[in-house]
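Start counting at 1 in the sequence shown, then tack on 14, and there's your number in this note's numbering.
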Amino acid sequence: MNESPPLRWRKSSHSNDEGECVEVAALASGTVGVRDSKNPDGPHLTLSRRAFRTLLHQAAARDR
Numbered sequence: 015m016n017e018s019p020p021l022r023w024r025k026s027s028h029s030n031d032e033g034e035c036v037e038v039a040a041l042a043s044g045t046v047g048v049r050d051s052k053n054p055d056g057p058h059l060t061l062s063r064r065a066f067r068t069l070l071h072q073a074a075a076r077d078r
C-alpha cells in the first residue's frame, strides 16, 4: 500500500489571535488546499494555483 505523506498546512503570518484564520497546503496534484483553521478535520477547498493567486490578489485589493 502506498500512503501519501501528511499535508503540511501553514497559517498566514497575517492571522490574528481571534481565530479568524485560514491555512493552506500544497497538494500532490499541484493544486492548493485552503481550510478553516478552527476546523482542521473539516472539508477544504481545492484551488488551482492560478485561482489561488487570483484569490490572494482580490483579498489584498479588498484590504486597501
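Beta carbons are placed, not taken as given, at the ideal position from N, Cα and C, and that holds for glycine.
Handout entry: HIS28 burial status per 10 Å Cβ neighbour count (16 or more: buried)
Key = Burial call: exposed.
Exercise for the section: Going by CA-CA distance only, name the one from GLY44, THR45, GLY56, ARG49 that's closest to CYS35. Expected result: Nearest option by C-alpha distance: ARG49.
Practice task
In the DSSP assignment, find the unbroken alpha helix (DSSP H) run with THR68 in it and report its ends.
Solution key: 63 to 76 is the span of the alpha helix (DSSP H), which, as asked, contains THR68.
Practice task
Leaving out five residues on either side along the sequence, give the residues of the same chain with a beta carbon under 7 Å from the beta carbon of ASN53.
Solution key: The beta carbon of ASN53 is closer than 7 Å to none in its chain, skipping five residues each way along the sequence.
Problem - Where the beta strand (DSSP E) containing ALA39 begins and where it ends - result: Where ALA39 is concerned, the enclosing beta strand (DSSP E) stretches over 36 to 40.
Problem - Buried or exposed (CB count within 10 angstroms, at least 16 for buried), HIS58 - result: HIS58 comes out buried.
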